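Just so we're aligned, residue 417 is where the sequence shown starts under our numbering, counting upward by one. Where is the CB? At the ideal position from N, CA and C, for every residue including glycine. In this text, all values refer to a predicted model and were calculated from it rather than measured experimentally. Each remark here refers to the structure printed beneath this line.
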Amino acid sequence: MVKEQASHYLDADLEFGDVSISAISSFPDLQVGVSELKLVGKNAFDGVELIHVNQLVLEVDLWKVLLNQEYEVKYISLSSPVIQLITLDNGESNYDIYKTDTIAEEDVNETNVDESPFKFKLEKYELNDAQLLYRDDLYQMFVHIDSLDHNGEFIMHADTFDLNTITKASTFNLEYEKVKLIDDVALKFLFNGAIAFENEDMIFQIRENTTSLNELDISFNGGIKMKPDSYELDVKLATIDQSFRHFLSLIPPAYQKDFNNLEIEGEFNFESSFNGIYSDNYIPSFDILLEINNGYVKYPDLNDAIENIKLSFKTVFPGGSNYDDLQVSLESMNFSFLSSKFNMSFHGNHFISNPFISAELSSDLNLEELSKVYPIDSIFINGNCRTDIHIKGSYSAIEKEQYDLFEAGGIFDLTGFEFTSKDLDNSVSIKNMSFEVLPHKLKIDKLLLKTGQSDFNSMVKSQTIGHMF
417 MVKEQASHYL DADLEFGDVS ISAISSFPDL QVGVSELKLV GKNAFDGVEL IHVNQLVLEV
477 DLWKVLLNQE YEVKYISLSS PVIQLITLDN GESNYDIYKT DTIAEEDVNE TNVDESPFKF
537 KLEKYELNDA QLLYRDDLYQ MFVHIDSLDH NGEFIMHADT FDLNTITKAS TFNLEYEKVK
597 LIDDVALKFL FNGAIAFENE DMIFQIRENT TSLNELDISF NGGIKMKPDS YELDVKLATI
657 DQSFRHFLSL IPPAYQKDFN NLEIEGEFNF ESSFNGIYSD NYIPSFDILL EINNGYVKYP
717 DLNDAIENIK LSFKTVFPGG SNYDDLQVSL ESMNFSFLSS KFNMSFHGNH FISNPFISAE
777 LSSDLNLEEL SKVYPIDSIF INGNCRTDIH IKGSYSAIEK EQYDLFEAGG IFDLTGFEFT
837 SKDLDNSVSI KNMSFEVLPH KLKIDKLLLK TGQSDFNSMV KSQTIGHMF
């Protein structure tokens, strides 16, 4: 009977195993247990499980339901659930399973128009050892969360859900357009807000939220409206009293190489805001700021440190579909170790119609010193690299051979370079490589290279710099 009623409302197959009911030991509470609970898709999602729960336990107060007609559940537990949320490139989703024609028919036949809005309260619910997969082919987004524990409480009033939740997971992965944005980090997520359903739209109102990725804490507040063909965003993200150490915890290699014993100092700040519509051909306005100051990293088994780490990055977009309005600014990226130093800056805009860049690179690196500040046991590297390059101008100046309107100058010089790795069959040796950057050409003065038993000696006078774009 339950499966028959479910098929009346759901465009999916409801399946379950054994059902147990107990009211004696817990009276006046009623306990219900269901094993192997599944929701299996149909049509385009035929055979795809939306949810699979090993064991579901539910507990309600019979007195409140029978005497007071209060729809209140004391407790729900889901053991080892696997949840798959899939959206195809045509916008069709496997979780859109409610039969709207049935709901509309019941609304027409409703006779008691003065009935109060439906209210439901869940005192506590929890998911233990869950796995969540979210795949959106339309927006090319993929999320995988493993070993997830989630608990909370919520009140449903008509079409609005008020929630207070805590989520923890050992593994969190996020991909966007096949680029890994977050890779195997631990997750902690606190959410205090509301979810409302308005016709076909889903609205998230976030009153208080903190997300922890490994050791990095980020606050999140604002609102998101999910429409059938777009998102409306008004959100802000920022770090909360975070340090450079918290930021480095996001980097898997650093986290795996004795991270807890690293000496790390420095300040870290991240702020961002997104406002407007996000769709296939429209992007909301955004402002992203990332700063690192006075960074210092020292590995426990090494005597020397990487220091004077500084990063100042900002990108701004006013919103819309004209990506020429995007501004990218790397004010500075600096670090030093022992006698080596590295400094870089970059500014760019009009990336679509006529890219403009202004960049400077200055470095003086003794590559042998790398092994004294970073553990590279499987690699041998040696040599000296000196760079002093500046570029400023638009691509159109190069294209039209208006070299007087394009500033470019500087040198690159690499001497005594040797590189050996267990992953390479042959070592690479560069006795000397140097080139000069000019507005109209890249002048390679000398190249003496050896790999294995092969030698390569060359002197190339020039190559048009426009070929570099």
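Residue closest to residue i, alpha-carbon to alpha-carbon, out of the options
| i | options | result |
| --- | --- | --- |
| residue 796 | 731, 493 and 783 | 783 |
| residue 488 | 571, 562 and 449 | 571 |
| residue 649 | 460, 699, 606 and 668 | 699 |
| residue 730 | 609, 761, 713 and 772 | 761 |
| residue 633 | 643, 655 and 814 | 655 |
| residue 851 | 862, 845 and 843 | 862 |
| residue 639 | 629, 612 and 616 | 612 |
| residue 587 | 575, 577 and 560 | 560 |
| residue 413 | 513, 514, 610 and 543 | No answer is possible for residue 413: it lies beyond the span of the chain, which begins at 417 and ends at 885. |
| residue 604 | 589, 628 and 591 | 628 |
| residue 614 | 558, 637, 641 and 593 | 641 |
| residue 804 | 758, 769 and 787 | 758 |
| residue 541 | 476, 575, 573 and 550 | 476 |
| residue 826 | 858, 508 and 798 | 858 |
Residue i to residue j span [Cα, whole Å]
| i | j | result |
| --- | --- | --- |
| residue 854 | residue 824 | 5 Å |
| residue 723 | residue 785 | 13 Å |
| residue 708 | residue 426 | 51 Å |
| residue 748 | residue 691 | 27 Å |
| residue 422 | residue 667 | 46 Å |
| residue 705 | residue 493 | 41 Å |
| residue 777 | residue 830 | 15 Å |
| residue 726 | residue 684 | 10 Å |
| residue 714 | residue 436 | 58 Å |
| residue 545 | residue 647 | 30 Å |
| residue 817 | residue 836 | 42 Å |
| residue 711 | residue 746 | 17 Å |
| residue 876 | residue 849 | Low local confidence applies: a pLDDT of 48 at residue 876 is under 50, so the model's placement there is unreliable, with the coordinate-based value given in what follows. One C-alpha to the other measures close to 11 Å. |
| residue 503 | residue 510 | 7 Å |
| residue 808 | residue 660 | 32 Å |
| residue 479 | residue 443 | 10 Å |
| residue 740 | residue 701 | 13 Å |
| residue 447 | residue 432 | 17 Å |
| residue 765 | residue 773 | 7 Å |
| residue 663 | residue 631 | 7 Å |
| residue 813 | residue 856 | 10 Å |
| residue 553 | residue 454 | 24 Å |
| residue 445 | residue 474 | 10 Å |
| residue 737 | residue 770 | 16 Å |
| residue 424 | residue 458 | 14 Å |
DSSP three-state assignment for residue i, whether helix, strand or coil
| i | result |
| --- | --- |
| residue 460 | helix |
| residue 663 | helix |
| residue 650 | strand |
| residue 541 | strand |
| residue 677 | helix |
| residue 493 | strand |
| residue 505 | coil |
| residue 756 | strand |
| residue 688 | strand |
| residue 839 | coil |
| residue 455 | strand |
| residue 434 | coil |
| residue 739 | helix |
| residue 480 | helix |
| residue 487 | coil |
| residue 858 | strand |
| residue 804 | strand |
| residue 554 | coil |
| residue 529 | Reliability of the predicted coordinates at residue 529 is poor, the pLDDT of 48 falling under 50, and no value is obtained from them. |
| residue 715 | coil |
| residue 600 | strand |
Span of the alpha helix (DSSP H), counted from its first residue to its last, around residue i
| i | result |
| --- | --- |
| residue 425 | 418-425 |
| residue 813 | 811-815 |
| residue 594 | Looking at the DSSP string, residue 594 is not in any alpha helix (DSSP H), and its letter there is neither H nor E. |
| residue 786 | 786-789 |
Opening and closing residue of the beta strand (DSSP E) in which residue i lies
| i | result |
| --- | --- |
| residue 629 | 617-629 |
| residue 721 | Run containing residue 721: none; DSSP gives neither H nor E here. |
| residue 699 | Here residue 699 belongs to no beta strand (DSSP E), and DSSP marks it neither H nor E. |
| residue 560 | 557-573 |
| residue 428 | Neither: residue 428 is in no beta strand (DSSP E) and is coded neither H nor E. |
| residue 779 | 772-782 |
| residue 513 | Here residue 513 belongs to no beta strand (DSSP E), and DSSP marks it neither H nor E. |
beta-carbon residue i near the ligand NAP non-hydrogen atom, thresh 7 Å
| i | result |
| --- | --- |
| residue 509 | Inclusion of the ligand NAP in the displayed structure is not the case, the ligand content being empty and no account of it being possible. |
Residue i at chain C interface by Cβ criterion, 8 Å
| i | result |
| --- | --- |
| residue 617 | Here chain C cannot be found, since the structure has a single protein chain. |
If contact is defined by three or more beta carbon pairs under 8 Å, each pair taking one atom from either stretch, is the stretch 592-600 in contact with the stretch 564-575?
Result no; under three Cβ-Cβ pairs closer than 8 Å.
Validate contact between the stretch 496-511 and the stretch 457-468 using beta carbons, cut 8 Å, 3 pairs
yes
Using 8 Å as the Cβ pair cut-off and three pairs as the minimum, do the stretch 712-720 and the stretch 578-589 touch?
The stretch 712-720 makes no contact with the stretch 578-589; the number of CB pairs closer than 8 Å stays below 3.
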